[in-house]
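Please read the structure below before turning to the comments.
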Amino acid sequence: DTGVSQDPRHKITKRGQNVTFRCDPISEHNRLYWYRQTLGQGPEFLTYFQNEAQLEKSRLLSDRFSAERPKGSFSTLEIQRTEQGDSAMYLCASSSSLAGIRTDTQYFGPGTRLTVL
Amino acid sequence: AQKVTQAQTEISVVEKEDVTLDCVYETRDTTYYLFWYKQPPSGELVFLIRRNSFDEQNEISGRYSWNFQKSTSSFNFTITASQVVDSAVYFCALSEAGTGRRALTFGSGTRLQVQP
Chain A
46 DTGVSQDPRH KITKRGQNVT FRCDPISEHN RLYWYRQTLG QGPEFLTYFQ
96 NEAQLEKSRL LSDRFSAERP KGSFSTLEIQ RTEQGDSAMY LCASSSSLAG
146 IRTDTQYFGP GTRLTVL
Chain B
95 AQKVTQAQTE ISVVEKEDVT LDCVYETRDT TYYLFWYKQP PSGELVFLIR
145 RNSFDEQNEI SGRYSWNFQK STSSFNFTIT ASQVVDSAVY FCALSEAGTG
195 RRALTFGSGT RLQVQP
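Sequence order for the protein chains is A and B.
Those letters in the first sequence? Residues 46 to 162, by our numbering.
Those letters in the second sequence? Residues 95 to 210, by our numbering.
So this is what it looks like as structure tokens:
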């Protein structure tokens with residue numbers, strides 16, 4: 046079983062630059078989630094897709110952030126005009142809506158650590 | 095609004111000791127799920143268990159056990175005979191199934207250090 050993968054694992058950028066992260070979910074999972082985790086805190090929800098539809102967005106997702114899942118498979122998260130406060134670990138998770146014991150259990154990828162200088 | 099509280103910021107034990115990690119949650123939903131995840135130093139969140147709000151049976155998996163009590167809104171996690179490999183940050187999380195929201199609300203985590 047291939048788990049959730051994320052690319053890149055680390056990204057260092059200068060303030061004001063744009064960055065894009067990619068997430069590949071577990072192949073049979075139709076739901077995909079993005080979270081942000083800062084040091085010493087639990088992950089905070091950003092947004093959620095079911096197939097290609099973005100169904101939920103957190104207030105944390107400012108207009109500098111945009112996420113897409115164009116074909117209902119992989120997803121990208123773009124941050125425009127990065128700020129130092131964007132430095133965090135960006136986590137992707139996926140789940141299945143099919144009925145069963147593990148319905149909607151979210152499995153996480155290794156994360157992308159963003160450092161904004 | 096939903097909330098998860100993990101009051102223990104850090105716990106240090108000696109190998110083979112038993113340790114309990116506390117989790118208290120708040121929700122207005124009657125149908126919800128509770129989770130525990132482990133985050134080792136490598137950083138990846140590892141799923142441990144999911145519990146439905148209508149199933150209060152305690153669960154045991156090897157050295158791990160979970161005590162779910164709706165009356166006190168708690169979902170505590172016990173590691174028996176702890177090992178060095180158990181050292182990690184452990185997160186409790188909640189999702190409100192009744193509202194249709196899928197987001198997980200996490201606690202702030204408990205860092206467990208198991209000394210040899």
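Ideal Cβ positions, reconstructed from N, Cα and C, are used throughout, including at glycine.
Give me the DSSP bridge partner(s) of residue i.
i        : result
A/Glu113 : A/Thr121
A/Ser50  : A/Asp69
A/Thr92  : A/Trp79 and A/Lys102
B/Asn146 : B/Tyr127
A/Ser139 : A/Leu77 and A/Tyr152
B/Asn170 : B/Asn161
B/Arg205 : B/Glu104 and B/Val183
With a threshold of 8 Å between beta-carbons, can residue i be considered close to chain B, or not?
i        : result
A/Asp149 : yes
A/Leu117 : A quick correction: the sequence has Gly, not Leu, at residue 117 of chain A. No - not a single Cβ of chain B is within 8 Å of the one on A/Gly117.
A/Phe153 : yes
A/Arg76  : yes
A/Gln99  : no
A/Leu136 : yes
A/Pro88  : yes
A/Gly130 : no
Can you check whether the CB of residue j is closer than 8 Å to the CB of residue i?
i        : j        : result
A/Arg76  : A/Pro155 : no
A/Glu113 : A/Ser120 : yes
A/Ser132 : A/Thr160 : yes
B/Glu109 : B/Val178 : yes
B/Thr124 : B/Gln96  : no
B/Ala187 : B/Thr172 : no
B/Gly192 : A/Gly87  : no
Please decide whether residue i counts as near chain A, where near means a Cβ-Cβ distance under 8 Å.
i        : result
B/Leu128 : no
B/Ala197 : yes
B/Ser202 : yes
B/Arg145 : no
B/Gly137 : yes
B/Phe141 : yes
What whole-angstrom Cβ distance do residue i and residue j have, given they're in contact under 8 Å?
i        : j        : result
B/Thr204 : B/Val183 : 7 Å
A/Asp69  : B/Arg196 : Not quite, the Cβ-Cβ distance comes to about 19 Å (not below 8 Å), so this is no contact.
A/Glu97  : A/Lys116 : 6 Å
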